[in-house]
Each structure stands twice: as structure tokens, then as C-alpha cells.
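Remarks on the structure that follows.
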Amino acid sequence: MIGIVSDPIFMRHDTGGYHPESPLRIQSIHNLFAGGGPDFILVEPQEAAVEDILQVHEKRYVQHIRQSCTSGRLVDLDPDTICSAGSYDVSLLAAGSIIKLADMALRSEITGGLAFVRPPGHHATSDQAMGFCIFNNVAIAAKWANINHGIKKILIVDFDVHHGNGTQECFYNDDSVLYFSTHQYPFYPGSGSLSEIGKSAGEGFTVNCPLSSRKNDAQYASIYQHILAPIVEVFKPGLILVSAGFDVHAMDPIGGMNLSSEGFGAIAGIIQEAARKINAPVVYTLEGGYHREAMRDSISRMLDVIIHMRNSAVEPVMWSELDTIMEMHRHNWNL
Ligand SMILES: [Zn+2]
49 MIGIVSDPIF
59 MRHDTGGYHP
69 ESPLRIQSIH
79 NLFAGGGPDF
89 ILVEPQEAAV
99 EDILQVHEKR
109 YVQHIRQSCT
119 SGRLVDLDPD
129 TICSAGSYDV
139 SLLAAGSIIK
149 LADMALRSEI
159 TGGLAFVRPP
169 GHHATSDQAM
179 GFCIFNNVAI
189 AAKWANINHG
199 IKKILIVDFD
209 VHHGNGTQEC
219 FYNDDSVLYF
229 STHQYPFYPG
239 SGSLSEIGKS
249 AGEGFTVNCP
259 LSSRKNDAQY
269 ASIYQHILAP
279 IVEVFKPGLI
289 LVSAGFDVHA
299 MDPIGGMNLS
309 SEGFGAIAGI
319 IQEAARKINA
329 PVVYTLEGGY
339 HREAMRDSIS
349 RMLDVIIHMR
359 NSAVEPVMWS
369 ELDTIMEMHR
379 HNWNL
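For the sequence shown, the working numbering gives the first residue as 49, with consecutive numbering after it.
Encoded structure:
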């Protein structure tokens, strides 16, 4: 049974009237789950403890966020990132909900989970809100699973159109958390080049797949099939966390990629199959995605694959940019 966190409470993070990271994103997704269903359980959101947040973020940063939210006004944390009266509590709920799904999955109470939360997290660094992100939800959940369940190897997969600079930075020197990202490059936030592979003990445990724009379903499927799947087989993580960004959809107003909703089914299918082979639970969490109908369709297609085990019709293809990326990571991962 899959666990799903989807709750209108995540609309309480107010970003103002014209911000793309709008509360309405949650409303359109929640319509998929509001009626319940026989194939999933709705899991109540849960706040992360401050000490769990402090595994990733500096204390003065967490205090700064809490204080900024007490003013009752909209406060600019950076040129793109806004917080409001409800944002601190909702941010704790976002990180805590992923922790809760990971905990339930690691206790075998659910087989996997999806957390439709906001604000997103993958750009947030230890001391800086950026790119619509306040706390780095996925990084906090990875640290939590490592400390509280003793999971020694965790994989974070990030298919958002933007590179997850905050997540990469958190685990750059760390060989216990492998960060794998496909993203448009060059693009915001500027990081995520092919040569960023981690440092000292973490060398090889950051795997960036920077891509020029307009990549399609088949090209994405080939990266996940030919690079991610073999890495999962060799690394054998005990938990897989996925930063699911729907701004790679062709209709997205911010991203420049060319995926259809079917492409998300293909990516999820490859992740699920790789995870099944090594018996690792997968917990997905919402990052970007700013065309609400496209995002809802893409999530529907992913649920077909994850819950109903329907295969994707997308066939992976080989292409020249993929060879270059594979060549870079071949040495570390025997591709
Ligand atoms: Zn994004």
C-alpha cells in the first residue's frame, strides 16, 4: 500500500498573488486524492522537530525564518523566495511529512510514498533560502533516516528542471548519500556541471546529468535506464528519495524541456523497477512544476505506474549527449 501526503494545509504558505509557486498548485493536486481510494492511504502531515531541521540548516538561519514569519507580512527571503505568517509551520510540515513517509516505509507500514508538499526544498542551503525553497525537505529526511533508522546508503534522485544546489551541497563530501540529478544546463541556479562529482570521501557520490533544453520523453528514459538504473544496482541504497519537479514538462512556463505527461510515467517506472530489484522503498516529494494541469496529468501518469503497475510505452533511445554524460560517470559506476 502506498502512502500519500496531500493536504490543503500546505496552501497556508502564502507567496502573494502573482508568484508561480502558488498555493493553487496544492489545490489542483489534492483534487486527485480528496475522494480517497482503495489503492493508497492518505497520511496526515506531521511537523519535523527543530532538531531534525538543524541536521541540515544552521540555527541562526532557522531562527531567522521563524522571526521573518512572525511579522504577519510577506517577507522577501531572497529575490524569488517569500515567506508569510504561515510559512514557518508549513515548512516544518513539508519536511516532517517526508520524514513520516520514509519512517512508515522503513517500518514496512507502506511500500512507498508520495508527499505533495510546499514550499519546495532542493535549492535551500544550510543558511540561505533561495529559488522558492525554505528548508531542504529531502536533505532533512535523508539525514533523519540515516540517524534514526541507521540507513547507511541513501539515494536522492532529482528530476526537477533546475539543479538542486542545496541538496548537492549538503552531501558533497559524503559517501552515504548519493545525489543524482538531471537538469537543464546552463540554467538557474548555475550549478550542476558534469565535473561536479563530489569531494574527498564524497567523490563519485554526486552524479550530475546536465542537459541542453528540449529533451523529450525517450531521451529522459534513456538517461534513467542507462545511468540511474546501473548506479542503483551497484550502490544498493536502503532508501530512495525523489525530488519530483514537474517543471520539465513541455507546457511548464519556467522550464525549457519537452516532456509529456507520459515521460513522468517512464521515469517513475525505471526508478520503481530499479528499487524493486534491491528491495528499497521509494518516497517522492514535490519540488517544482508551475503549469497546474500538466503537473496534475503527470502525477496521474506516475500513479498509474507506481500504484497500478502499468508500464510506460516510452522506449529509451541513445543520443550523443548521453554518451558524454555516461563517459564521465563510467569510471565511478561501471556504466
Ligand atoms: Zn524547478
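Virtual Cβ for every residue (Gly too), placed ideally from N, Cα, C.
With distance defined between alpha-carbon atoms, name the residue in the options nearest to residue i.
i, options, result
"V110", "Q176, E92, I279, F228", "Q176"
"V186", "S239, S156, E217, I347", "E217"
"L259", "F235, V280, Q320, I275", "F235"
"L226", "K191, L334, S174", "K191"
"I275", "E375, L307, R358", "E375"
"I277", "L203, S132, F164, H379", "First, the residue type needs correcting, since residue 277 is Ala and not Ile in the sequence shown. A277 has its Cα closest to that of L203, out of L203, S132, F164, H379."
"V290", "I101, E69, T63, G212", "G212"
"H210", "H171, H197, D223, I182", "H171"
"M49", "R155, N382, R340", "R155"
"D223", "K284, S239, F81, L351", "K284"
"V353", "Y220, A314, R378, H197", "A314"
"G252", "G311, S239, N184, W381", "W381"
Given a threshold of 16 other Cβ atoms within 10 Å of its Cβ, counted over all protein chains shown, does residue i qualify as buried or as exposed?
i, result
"Y136", "buried"
"G293", "buried"
"P127", "exposed"
"Y66", "exposed"
"L72", "exposed"
"E99", "exposed"
"R166", "buried"
"V53", "buried"
"Q232", "buried"
"D87", "exposed"
"S116", "buried"
"D124", "exposed"
"T173", "buried"
"I195", "exposed"
"D263", "In the sequence under discussion, the amino acid at residue 263 is Lys, which differs from the Asp named in the question. With 16 or more other Cβ atoms within 10 Å, it is buried."
What first and last residue would you give for the alpha helix (DSSP H) that runs through residue i?
i, result
"P258", "From DSSP, P258 is part of no alpha helix (DSSP H) but of the beta strand (DSSP E) over 254-259."
"I113", "107-118"
"V282", "277-283"
"G144", "135-154"
"N352", "In the sequence as displayed, the identity of residue 352 is Asp instead of Asn. Unbroken alpha helix (DSSP H) run through D352: 340-354."
"A292", "Unbroken run through A292 is the beta strand (DSSP E), 287-292; no alpha helix (DSSP H)."
"I326", "309-326"
"G214", "213-218"
"I188", "185-197"
"Q270", "Here residue 270 is Ser; the residue named in the question, Gln, does not match the sequence. From DSSP, the alpha helix (DSSP H) with S270 extends over 265-271."
"I204", "Where I204 is concerned, there is no enclosing alpha helix (DSSP H), although the beta strand (DSSP E) it sits in stretches over 202-206."
In the DSSP assignment, the beta strand (DSSP E) including residue i goes from what residue to what residue?
i, result
"Y227", "225-232"
"F88", "88-90"
"T333", "330-334"
"A82", "Looking at the DSSP string, A82 is not in any beta strand (DSSP E), and its letter there is neither H nor E."
"A97", "Careful: A97 lies outside any beta strand (DSSP E) and carries neither H nor E."
"I50", "50-54"
### Query
Would you call the segment 355-371 and the segment 258-270 touching, i.e. three or more CB-CB distances under 8 Å?
yes
### Task
Assess, as a yes-or-no matter, whether the segment 149-165 is touched by the segment 321-338 under the definition of 3 or more beta carbon pairs within less than 8 Å.
yes
#### Entry: Contact the segment 112-130 vs the segment 300-308: 3+ CB pairs below 8 Å
no
### Task
Inspect the CB distances between the segment 140-150 and the segment 92-102 and report whether three or more fall short of 8 Å.
Under the Cβ criterion (8 Å, minimum of three pairs), the segment 140-150 counts as touching the segment 92-102.
### Message
Between the segment 238-248 and the segment 342-358, can you find at least three pairs of beta-carbon atoms closer than 8 Å?
### Response
no
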